[in-house]
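Each remark here refers to the structure printed beneath this line.
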Amino acid sequence: MKVLQLVPSVSLVYGGPSQMILGFSQALAEQGVDITLLTTDSNGDSGQDPLDVPLNQAIPQDGYQIRYYRCSPFRRYKFSLPLFQWLWNHARDYDLVHIHALFSPVSSLSAWICRQRGVPYVLRPLGTLDPADLRKKSRLKDLYARVLERENLAQAAAIHFTTAEEAKISHRFGVKTQDWVIPLGVTPPNPPVGIDEICHQLGVDTTRPLVLFMSRVEPKKGLDLLIPALEAVAAKGIEFQFVLAGSNPQDPAYEQKIGDRLRQSSIQEHTRLTGFVRGETKAALLHRADLFVLPSYYENFGIAVAEAMGVGTPVLISDRVQICDAVAASESGWVADCSVESVRDRLVEALTHLDDCQRRGNNARTYATLHYRWPAIAQQAIEHYQRII
Numbered sequence: 001m002k003v004l005q006l007v008p009s010v011s012l013v014y015g016g017p018s019q020m021i022l023g024f025s026q027a028l029a030e031q032g033v034d035i036t037l038l039t040t041d042s043n044g045d046s047g048q049d050p051l052d053v054p055l056n057q058a059i060p061q062d063g064y065q066i067r068y069y070r071c072s073p074f075r076r077y078k079f080s081l082p083l084f085q086w087l088w089n090h091a092r093d094y095d096l097v098h099i100h101a102l103f104s105p106v107s108s109l110s111a112w113i114c115r116q117r118g119v120p121y122v123l124r125p126l127g128t129l130d131p132a133d134l135r136k137k138s139r140l141k142d143l144y145a146r147v148l149e150r151e152n153l154a155q156a157a158a159i160h161f162t163t164a165e166e167a168k169i170s171h172r173f174g175v176k177t178q179d180w181v182i183p184l185g186v187t188p189p190n191p192p193v194g195i196d197e198i199c200h201q202l203g204v205d206t207t208r209p210l211v212l213f214m215s216r217v218e219p220k221k222g223l224d225l226l227i228p229a230l231e232a233v234a235a236k237g238i239e240f241q242f243v244l245a246g247s248n249p250q251d252p253a254y255e256q257k258i259g260d261r262l263r264q265s266s267i268q269e270h271t272r273l274t275g276f277v278r279g280e281t282k283a284a285l286l287h288r289a290d291l292f293v294l295p296s297y298y299e300n301f302g303i304a305v306a307e308a309m310g311v312g313t314p315v316l317i318s319d320r321v322q323i324c325d326a327v328a329a330s331e332s333g334w335v336a337d338c339s340v341e342s343v344r345d346r347l348v349e350a351l352t353h354l355d356d357c358q359r360r361g362n363n364a365r366t367y368a369t370l371h372y373r374w375p376a377i378a379q380q381a382i383e384h385y386q387r388i389i
């Protein structure tokens, strides 16, 4: 079986949804699927240099091949004429094309090319069909859908959703679709040597319970709920250390706004802003945290939540993070609604019952091991692929 995976970018700048394709491709390759990953060298939309990678050639990586093409002339909207030319010439070399994105010229025009070349394709929306997401730039998206995306959805062999809730709420512009629900996987990092030392280097007070936010710093993540909720918790005399680990090269003004808000906050003395973290620093924070928080206004899966669960850290998420039912049912953490008061109350409950945090963290690790392992997810995907080709 030969499958082409296609995504506009794999840069860390674009967060978990782009990055997960690397783990997905490796897991499929390990189960015998011949995988090529097709992408661009895009590395941000705000003046960043493109990825420093070889272009227009197959690069072996973790059992599969990856091909990068120049993203030009439109960086923000991901356009690549060389990628389209390669796909036109080679689409028929594959049994199936799995496209990871909507509302991007790279993904939209690639779906059109697949139809012209008679190759079945699957679309993964990455949360872009969530009505909350569609309300952003709604007129432009409605026009885009009428011109390109509606027909792409209608002619797709299947739409790959990552949770049943995402499938349930997604808007399909009036067309019927064949839906798959296949979750994303994570590879939980092992605890690094010297966790406390790494935390001390970041200025983290390890004598206090650690509340960790590790995600892209953008409006949908609910920081406008979390920060006042933490301030209210501190006002009750409950001690904690808050670490905000994340950045947003796409919107540095918003990242600066959140930083300024925290520097002027009553909790600033016990807050650390680390910026984007990776490697041992990321692993140390995930393992050291007593509670992982993500009160997003909408989130089709939540890779960072699954990563935290995988290392045994309990999570506090909103009921708009679409793995919330799993978190609640498995008692892997707490679920709040999107209000300051609800987030505050769940924080108080967690931080005043640290023994329950540990119990829920153990539950989280067990659930993630059972449901978010790449080999099992790859096998689900292969079974779905076989029904198409």
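So in the UniProt record's numbering, spot 60 of the sequence shown is number 60, and the numbers just go up one at a time.
Using N, Cα and C, we set each Cβ at its ideal position, and we do this for glycine too.
Being a predicted model, the structure only gives us computed values, none of them experimental.
With respect to Tyr367, Ser330 sits close: the two C-beta atoms are nearer than 7 Å.
With a cutoff of 7 Å on beta-carbon distance, Val335 and Asp356 are scored as not near each other. Runs of the alpha helix (DSSP H) lying entirely within the segment 21 to 88, each at least 4 residues long, are absent. Residue pairing for Gly333: DSSP places it in a beta bridge opposite Val315.
Secondary structure at Lys2: strand, using DSSP grouped into helix, strand and coil. Val217 sits close to Asn248, with the two beta carbons spaced by under 7 Å.
For His98, the beta-bridge partners assigned by DSSP are Gln5, Val122. If you draw a straight line from the Cα of Asn56 to the Cα of Ala145, it comes to about 30 Å. In the three-state scheme derived from DSSP, where H, G and I count as helix and E and B as strand, Ala245 is classed as strand. A Cβ-Cβ distance of about 7 Å is found for the pair Ile303 and Val186, placing them in contact under the 8 Å criterion. Annotated three-state conformation of Leu143 is helix, per DSSP. In the DSSP assignment, Asp251 falls outside any beta strand (DSSP E), carrying neither H nor E.
Note on Val147: under 16 other CB atoms within 10 angstroms of its CB, so exposed under the neighbour-count rule.
The beta carbon of Arg115 lies closer than 7 Å to those of Gln155 in the same chain, with the five residues before and after it left out.
For Arg346, the enclosing alpha helix (DSSP H) has its first and last residue at 340 to 351. Within the same chain, Cβ atoms closer than 7 Å to the Cβ of Asp133 are found at Gly127, Tyr298, the five residues on either side in sequence being excluded. Per the DSSP secondary-structure output, Arg150 pairs with nothing in a beta bridge.
Distance from the CA atom of Glu149 to the CA atom of Ala234, rounded to whole angstroms, is 47 Å.
For Leu370, the uninterrupted alpha helix (DSSP H) run begins and ends at 354 to 371, by DSSP. In the displayed model, Val277 falls within coil according to three-state DSSP, outside both helix and strand. Annotated as proximal: Leu316 and Val293, with beta-carbon spacing under 7 Å. The straight-line gap separating the alpha-carbon atoms of Arg373 and Leu184 is approximately 8 Å. Scanning Ile382, Gln19, Arg346 for the CA closest to the CA of Thr39 turns up Gln19. In the displayed model, Glu218 falls within coil according to three-state DSSP, outside both helix and strand. Under a 10 Å Cβ-count criterion, Lys176 is classified as exposed, with fewer than 16 other Cβ atoms of the shown protein chains found around its own Cβ. Note that the segment 53 to 69 does not touch the segment 218 to 225; fewer than 3 beta-carbon pairs, one per stretch, sit closer than 8 Å.
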